[in-house]
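Q: Sending over a structure as structure tokens; questions will come in a sec.
Chains as they are written, first to last, in the numbering used here: chain B, 1 to 113; chain E, 1001 to 1113.
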């Protein structure tokens, strides 16, 4: 158990809909990262938050947004969903001390039908 | 443009033998490299890392070698065990890019009893 909690584990929705994925980082970790893994692909970095502030952006679509709350949990919002958004979405966290190592949650599997 | 490549999608090895997983990168700014292991239905788990100031790092059965001139790293597992069967991801990061990882597409290792 990495200590990073992601909910829900599975999500099935229809095209055009909006969903919210939730992530609770490890205790003491200030950074949260979101990644997308499409079928048989590597993990694509989406966005990073550090202590509530956006720190870095990767290949995140404009239809996607995220935030980190004062209690450090994070939410990834996906809107106007398309079939191609079906993927595994991982959240990771890291501590200010060992910032080069990210600890991953089990992921949320999103299926857009 | 894939900055981190793992050219072998899969690898099969007999139990007790050595497993060698390879990774190549193109961005000379990368200065920290990690290997993650992923079992089905779980998030990636940190395995071992290496800084660009070193050429070798060892942790039990796992050793990572870095050849900066060739922009190549490899993970050696000796001896291989059936429990090592998983997908292995190589990841790279650069100080100037923050702690954002660029992941390779992964290599599926099967250790046969």
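Ideal Cβ positions, reconstructed from N, Cα and C, are used throughout, including at glycine.
What residue ranges within the region 1026–1082 of chain E form continuous beta strand (DSSP E) runs of no fewer than 3 residues, ordered along the chain?
A: Taking only runs of at least 3 residues, the beta strand (DSSP E) segments lying wholly in the region 1026–1082 of chain E are 1032–1038, 1045–1051, 1056–1059, 1062–1067, 1072–1077.
Q: What would DSSP say about residue 83 of chain B, mapped onto helix, strand or coil?
A: Helix at residue 83 of chain B.
Q: With distances taken Cα to Cα, identify the nearest neighbour of residue 33 of chain B among B:46, B:42, B:65, B:41.
A: Considering only alpha carbons, the answer is B:46.
Q: Below 7 Å CB to CB, which residues in the same chain sit around residue 82 of chain B once its five sequence neighbours on both sides are set aside?
A: Once the five neighbours on either side are set aside, the close Cβ partners of residue 82 of chain B are 15, 112.
Q: Might you give, ordered along the chain, the residues of its own chain that have their beta carbon closer than 7 Å to the beta carbon of residue 1016 of chain E, omitting 5 neighbours on each side?
A: 1079, 1080, listed in sequence order.
Q: With a cut-off of 8 Å, does the C-beta of residue 1058 of chain E fall near any C-beta of chain B?
A: So, not an interface residue.
Q: Answer with yes or no whether the minimum CB distance from residue 1100 of chain E to chain B is below 8 Å.
A: Closer than 8 Å: yes.
Q: Quick one: Cα of residue 57 of chain B to Cα of residue 48 of chain B, how far?
A: Cα to Cα, residue 57 of chain B sits roughly 6 Å from residue 48 of chain B.
Q: Which of helix, strand or coil does DSSP assign to residue 1095 of chain E?
A: Helix.
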